[in-house]
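Protein chains in written order, with the working numbering: chain A, 1 to 95; chain B, 101 to 195; chain C, 201 to 295; chain D, 301 to 395; chain E, 401 to 495.
Below: the structure, in structure tokens.
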Amino acid sequence: MRIARVRGTVVSTYKEPSLQGVKFLVLQYMDEAGQPMADHEVAADMVGAGVDEWVLVSRGSQARHVRDCGDRPVDAAVIAIIDTVTIENRSVYRK
Amino acid sequence: MRIARVRGTVVSTYKEPSLQGVKFLVLQYMDEAGQPMADHEVAADMVGAGVDEWVLVSRGSQARHVRDCGDRPVDAAVIAIIDTVTIENRSVYRK
Amino acid sequence: MRIARVRGTVVSTYKEPSLQGVKFLVLQYMDEAGQPMADHEVAADMVGAGVDEWVLVSRGSQARHVRDCGDRPVDAAVIAIIDTVTIENRSVYRK
Amino acid sequence: MRIARVRGTVVSTYKEPSLQGVKFLVLQYMDEAGQPMADHEVAADMVGAGVDEWVLVSRGSQARHVRDCGDRPVDAAVIAIIDTVTIENRSVYRK
Amino acid sequence: MRIARVRGTVVSTYKEPSLQGVKFLVLQYMDEAGQPMADHEVAADMVGAGVDEWVLVSRGSQARHVRDCGDRPVDAAVIAIIDTVTIENRSVYRK
């Protein structure tokens with residue numbers, strides 16, 4: 001999984017029928033020092049994450065095991081809202 | 101998923117039989133500021149996207165859940181035409 | 201999928217039994233301007249592509265949907281020989 | 301698989317229900333000379349690895365074959381605690 | 401697939417039970433000119449490759465089609481020992 005921060009949203013009217021009702025979040029990956037990285041991801045949100053929250057993102061076909069993602073062509077999903085990230089006993093992030 | 105802009109097309113006569121009728125789009129990935137990135141992708145188009153439109157691309161085996169992609173050797177598919185991308189309440193793209 | 205040019209071949213006598221009869225091509229990825237990129241791939245060839253031809257490569261588990269690849273440990277396959285690549289009405293490649 | 305060193309943990313209260321009880325480790329990838337690399341990963345820990353230990357990480361849908369990971373949306377798992385890494389008869393790491 | 405050279409081994413006592421008996425090789429990826437690249441991989445060896453031999457590596461869930469890898473959490477496997485690599489009629493490697 002990767003650590004990411006929620007930055008915004010993508011809205012689409014015309015899409016695969018199975019994607020009706022799926023919320024798409026724009027995520028920015030964070031490095032382990034808590035700094036934003038250059039690359040980003042758009043992920044299906046099933047846990048109700050909000051802008052600026054840190055989340056865990058799961059990618060690839062395993063994303064299908066998120067509730068209701070099974071038969072959808074979704075290759076990334078937010079699977080958890082992060083409370084804390086601790087690196088060698090140092091707190092990098094606290095919600 | 102990744103955000104990309106439709107740039108062009110790839111045409112092939114001699115191909116896997118299961119790919120008959122599949123339209124291949126050349127996509128350029130966009131960063132979250134709306135700037136084009138260096139890498140690109142060729143994806144199966146099942147939603148009728150046109151040149152210059154922004155789309156969502158799903159990659160890997162989950163692309164098989166796009167209508168009619170099930171048994172085809174397609175590792176990337178356009179799954180939605182984007183209406184808007186919003187980053188921290190700022191509009192990055194509007195169709 | 202990615203656009204690549206066929207550069208050469210890999211020959212192996214001692215291999216997984218299921219790979220008997222599979223031809224391995226060395227491919228060089230091309231950028232959308234038609235310039236060669238640094239990274240390369242070795243892919244199973246099921247369409248009979250020859251050196252210098254441009255092809256479409258599908259990677260990951262979807263490569264299994266290429267004829268006869270189903271139960272083989274192949275993570276990349278040539279799925280089409282490209283006739284033309286067109287970027288914003290400009291021809292980048294013509295066979 | 302990739303070689304990584306355990307750096308810390310991620311804690312989450314609000315997550316996919318199937319993730320209850322899964323421990324998330326922050327891992328830093330190591331190069332073959334034993335030096336830390338820039339990229340990191342968050343992986344499910346099923347083998348009880350501790351901070352500073354070197355581990356093997358398996359990514360993608362194969363991670364599901366780790367005990368109890370089958371139906372969870374986990375795209376990376378610690379599959380082994382490393383005893384030794386030997387490169388051309390030179391010991392790079394010894395636990 | 402990728403071309404790699406066998407550099408060494410990883411030994412682990414404490415690991416997923418399904419990994420008993422699997423030999424892990426440290427591989428260094430090679431570019432098409434036969435020069436070593438920066439990134440490496442740890443792969444399950446099912447073909448008996450030795451140090452300094454060039455091999456083909458298959459990654460992702462397709463690695464499961466290697467004999468005896470089916471239910472193991474292995475995301476990379478050595479599938480062939482390379483005899484020759486030929487690029488545009490020039491021999492890059494000969495065993």
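Heads up, the beta-carbon is just placed ideally off N, CA and C, and yes, glycines get one too.
{"Query": "For a cutoff of 7 Å on Cβ pairs, would you count A:Gly50 as touching chain B?", "Result": "no"}
{"Query": "Would you say C:Lys243 and C:Leu256 are within 7 Å of each other, going by their C-beta atoms?", "Result": "Per the sequence shown, residue 243 of chain C should be read as Ala rather than Lys. No; because the gap between Cβ atoms is not below 7 Å, this pair is not in contact."}
{"Query": "Can you look up C:Pro236 in the DSSP assignment and give me helix, strand or coil?", "Result": "strand"}
{"Query": "Check whether the Cβ atoms of E:Val485 and C:Val206 sit closer than 7 Å, and answer yes or no.", "Result": "no"}
{"Query": "C:Ser261 by DSSP, collapsed to three states: which one?", "Result": "helix"}
{"Query": "Which of the three DSSP states, helix, strand or coil, is assigned to C:Ser218?", "Result": "helix"}
{"Query": "Have a look at the DSSP bridge pairing and note the partners of C:Lys223.", "Result": "C:Asp245"}
{"Query": "Could you list which residues in chain B have their beta carbon closer than 9 Å to that of C:Glu232, in chain order?", "Result": "Arg107, Gly108, Val126, Gln128, His140"}
{"Query": "Please tell me whether C:Asp283 has its Cβ less than 7 Å away from any Cβ of chain B.", "Result": "yes"}
{"Query": "Rounded to whole angstroms, what's the CA-CA distance from C:Val222 to E:Lys423? Just pull it up for me.", "Result": "25 Å"}
{"Query": "Please compile the residues from chain C whose C-beta is within a distance smaller than 8 Å of the C-beta of B:Leu119.", "Result": "Ile279, Ala280"}
{"Query": "Can you find a C-beta in chain D that's less than 7 Å from the C-beta of A:Arg72?", "Result": "no"}
{"Query": "Does the beta carbon of C:Tyr214 come closer than 7 Å to any beta carbon on chain E?", "Result": "yes"}
{"Query": "Secondary structure at D:Ile387, three-state DSSP: helix, strand or coil?", "Result": "strand"}
{"Query": "Along the chain, where does the beta strand (DSSP E) that runs through C:Gly250 open and close?", "Result": "Note, C:Gly250: premise wrong, no beta strand (DSSP E); not H, not E."}
{"Query": "Please check if any C-beta of chain B sits within less than 7 Å of the C-beta of C:Ser291.", "Result": "no"}
{"Query": "Going straight from the alpha carbon of C:Gln220 to that of A:Pro36, what length do you get?", "Result": "47 Å"}
{"Query": "Considering only residues of the same chain and omitting the five flanking positions on each side of A:Ile81, which have a CB-CB separation below 7 Å?", "Result": "Val47, Ala49, Glu53, Val55"}
{"Query": "Which term fits E:Asp471, buried or exposed, when burial requires 16 or more other beta carbons within 10 angstroms of its beta carbon?", "Result": "exposed"}
{"Query": "Once DSSP output is grouped into helix, strand and coil, what is the label at E:Thr409?", "Result": "strand"}
{"Query": "Starting from the C-beta of B:Arg159, find all residues in its chain whose C-beta is less than 7 Å away, skip the five residues before and the five after it, and write them out in chain order.", "Result": "Asp175, Ala176"}
{"Query": "Between the C-alpha atoms of D:Asp339 and C:Gly208, what's the straight-line distance to the nearest angstrom?", "Result": "32 Å"}
{"Query": "For a test of the three-state rule: what should DSSP assign to A:Met30, helix, strand or coil?", "Result": "strand"}
{"Query": "What residues from chain A crowd round D:Lys345, counting only those whose CB sits closer than 8 Å?", "Result": "Reading the sequence as shown, one finds Asp at residue 345 of chain D and not Lys. Going along chain A, no residue has its Cβ under 8 Å from D:Asp345, so there is no contact; the nearest lies around 12 Å."}
{"Query": "Bridge partners of B:Val178, per DSSP?", "Result": "B:Asp145, B:Val157"}
{"Query": "Count the other C-beta atoms from every protein chain shown that fall within 10 angstroms of the C-beta of C:Glu288, then say buried if there are 16 or more, exposed otherwise.", "Result": "exposed"}
{"Query": "Run through DSSP, which three-state label would D:Arg372 get?", "Result": "coil"}
{"Query": "For A:Lys95, which residues from the same chain have a beta carbon less than 6 Å from its beta carbon, with the 5 sequence-adjacent residues on both sides left out?", "Result": "Asp83"}
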